[in-house]
Amino acid sequence: MRPVVKQSVSVIDSHTAGEPTRVIVAGVDELAGATMAEKRECFSRDWDWLRSACVCEPRGHDAMVGALLCEPVAPDCVTGVIFFNNVGVLNGCLHATMGVAVTLMHLGRLGAGTHRFDTPTGVVSVTAGESGEVTVENVRSHRFREDVVVEVPGIGEVRGDVAWGGNWFFLTKVPDGMALENSNIDALTDYSWRVRKALAAGGICGADGGEVDHVELFGPPTDPAAADCKNFVLCPGKAYDRSPCGTGTSAKLACLHADGELDEGQEWRQAGILDTVFTGTVKPAAAGGVHPVVSGSAFVTAEAVLLIDPAAPFAFGIPVNP
Ligand code: PYC
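So the sequence shown is numbered by our numbering: it starts at 3 and just counts up by one.
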């Protein structure tokens, strides 16, 4: 329920390869739930006002991803983390995992080295260095459906793979003639959003009916000496990922491995739309698919206390209707 008295919420902001993360470090009661998935449900049900107050305008913006620290459920984890964005809760988020790592180091709560974080998708292993470099061994990732054809109104047939990398992705080649450039964000967003809506309309989903709420277009890198591939990732709230998207990179690695194009330990350099790069390798997973290991760098940008006055207009954020 929305509070009726003024609230103060301590946050630390960072960015990972250009994509922002806002970590809530104090001001929230412990979430109810015996699993991280239940804690995520509790946050979504009881704390949605806090989500929108923290990441939506006027305090945040559409690209902002939030992370709430909570008690972990799995043993030996240093923290639990719930991820969220401008429209709701996320499953996993690797750029934000990197942001959480540098935030905890900034606060002196974590030293350089390897630590386990508990998340709604499972436990991830996080290795943090002294200068912002972070490597995350992700949960099992896999291709769920190969060469799916979706009929997109106004576009025609689009083919791609449905894969899990901690979120559900539809991965498809950027159409010929569509520049995979920062100057072309509007066209890339419009195309990806049409694909996303067509997937939903066509009932194309992940395992257990999971919504395919991320669309990843991929094509050649700007500089082949710096990256193997470049992507544009559209997130559920219609914001594009400024980073190469860690869960999207994981989904891509799983597809490459399934196609026999990426061996265990072989390095893949995934550029995002801003030409920042995550590097990734894969380890085979016992249940099939892979455990992607994704590396990037994150940097703290601000320490702040958000003030929420219930009497103010848009106290709990300006609603987003993508
Ligand atoms: O890095 O996994 C990621 C991510 C998901 C949504 C935005 N970033």
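All C-beta atoms, glycine included, are put in the ideal place defined by N, C-alpha and C.
- Proximity of the beta carbon of Asp243 to the ligand PYC is indicated: a heavy atom of the ligand is located closer than 7 Å.
- A residue is called buried once 16 or more other Cβ atoms fall within 10 Å of its Cβ, and Pro5, having fewer, is exposed.
- Sequence-distant Cβ neighbours of Ile320 in its own chain, meaning closer than 6 Å and more than five residues away, are Cys58, Glu59.
- Phe318 is the residue among Val80, Leu112, Phe318, Ala130 whose C-alpha sits nearest the C-alpha of Arg61.
- The Cβ neighbour count for Met100, taken over all protein chains shown within 10 Å, is at least 16; the residue is labelled buried.
- In this structure, Phe85 is the residue among Phe85, Thr23, Thr18, Ser10 with its C-alpha nearest to the C-alpha of Lys41.
- Straight-line spacing of the CA atoms in Cys257 and Pro238 works out to 21 Å.
- The closest heavy atom of the ligand PYC lies 7 Å or more from the beta carbon of Gly282.
- Per the DSSP secondary-structure output, Arg61 pairs with nothing in a beta bridge.
- Val160 has its alpha-carbon roughly 28 Å from the corresponding atom of Asp265.
- With fewer than 16 other Cβ atoms inside 10 Å of its own Cβ, Asn323 counts as exposed.
- Closest in alpha carbon position to Lys240, among Val214, Gly208, Thr191, Pro246, is Thr191.
- When Thr224, Ala181, Val30 are compared, the shortest CA-CA separation from Thr278 is found for Thr224.
- At the C-beta level, Leu219 and Val13 stay beyond 8 Å of one another.
- Ser194 is classed as buried because its beta carbon has at least 16 other beta carbons within 10 Å across all chains shown.
- When the beta-carbon positions are compared, Arg142 and Ala39 stay at least 8 Å from each other.
- The stretch 93-168 contains, as complete alpha helix (DSSP H) runs of 4+ residues, the segments 96-108 (chain order).
- For Thr249, the CB falls within less than 7 Å of some heavy atom of the ligand PYC.
- Three or more Cβ pairs closer than 8 Å define a contact, and the stretch 93-109 meets that threshold against the stretch 293-310.
- Gly168 has its CB nearer than 7 Å to a heavy atom of the ligand PYC.
- The beta carbons of Asp215 and Asn140 sit no closer together than 8 Å.
- Around the beta carbon of Phe316, fewer than 16 other beta carbons lie within 10 angstroms, which makes this residue exposed.
- Rounded to whole angstroms, Phe280 and Val11 show a C-alpha spacing of 31 Å.
- Judged by DSSP secondary structure, Gly250 falls within the alpha helix (DSSP H) whose first and last residues are 248-260.
- Per DSSP, the unbroken alpha helix (DSSP H) holding Ile187 starts and ends at 187-203.
- In the structure shown, the three-state DSSP call for Ala28 is strand.
- Not one heavy atom of the ligand PYC lies closer than 7 Å to the C-beta of His144.
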